[in-house]
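Numbering (full-length UniProt numbering), first residue to last: 1 to 201.
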């Protein structure tokens, strides 16, 4: 929901840093994988209940996630880079709630519920992107992307915000997980309505 609105603010500094990283020889795919590494490090920190470290690693991971696209724009965007980026994003998204479920068995059911919600949200996101590509639809609302990014209530920015709140208040993980799972379901419904009205038969 907020991703498209903050893009004009964050893209200029990201692009400047991205050009610097490209000059020292880093590729976009390297930055993507580095971001995933920090993200999985955050998940591990959650499993051992080092929530302060988890919070810091989530922040670093998502900064790198923003920088991979900036590096690609400074060098060359590739189809594989777009594929790798979205796969790594969803690995990260799933790893954090699973980590909370491992950290405390009480969190297992809300963790699985949130993973299931992420799964259906991801399916709707990718199905929309595939259909949009088939119909020649384009958008730049989320910046320059390898494929169509559809808007919804729960997007990347909201996901990261919830993850950070979970790290700050791990004792409330269950409530936060159920709330965000509900937002994911609403997002799927929103996207389905948008698909119904946007796509030609």
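All residues carry an ideal CB built from backbone N, CA and C; glycine is no exception.
Note that this is a predicted model, so its numbers are computed, not measured.
Residue i - DSSP class collapsed to helix/strand/coil
i           : result
residue 100 : helix
residue 198 : helix
residue 34  : helix
residue 120 : helix
residue 78  : coil
residue 50  : coil
residue 142 : Model confidence at residue 142 stands at a pLDDT of 44, short of 50, so the residue's coordinates are unreliable and nothing is read from them.
residue 27  : coil
residue 185 : helix
residue 134 : helix
residue 163 : helix
residue 154 : coil
Cα-Cα separation, residue i to residue j
i           : j           : result
residue 73  : residue 134 : 24 angstroms
residue 130 : residue 199 : 11 angstroms
residue 85  : residue 156 : 13 angstroms
residue 94  : residue 19  : 30 angstroms
residue 104 : residue 164 : 18 angstroms
residue 196 : residue 124 : 12 angstroms
residue 154 : residue 22  : 31 angstroms
residue 37  : residue 88  : 9 angstroms
residue 115 : residue 76  : 33 angstroms
residue 107 : residue 27  : 38 angstroms
residue 96  : residue 40  : 8 angstroms
residue 90  : residue 122 : 8 angstroms
residue 128 : residue 188 : 10 angstroms
residue 56  : residue 67  : 17 angstroms
Candidates the options: closest to residue i by CA position
i           : options           : result
residue 109 : 161, 76, 177, 119 : 177
residue 82  : 33, 172, 54       : 33
residue 58  : 69, 71, 44, 48    : 44
residue 13  : 69, 128, 167, 160 : 69
residue 52  : 191, 172, 167     : 167
residue 92  : 15, 173, 46, 191  : 46
Across the region 178-197 and the region 61-70, are there enough close Cβ pairs to call them in contact, namely three or more that are closer than 8 angstroms?
No, the region 178-197 does not touch the region 61-70.
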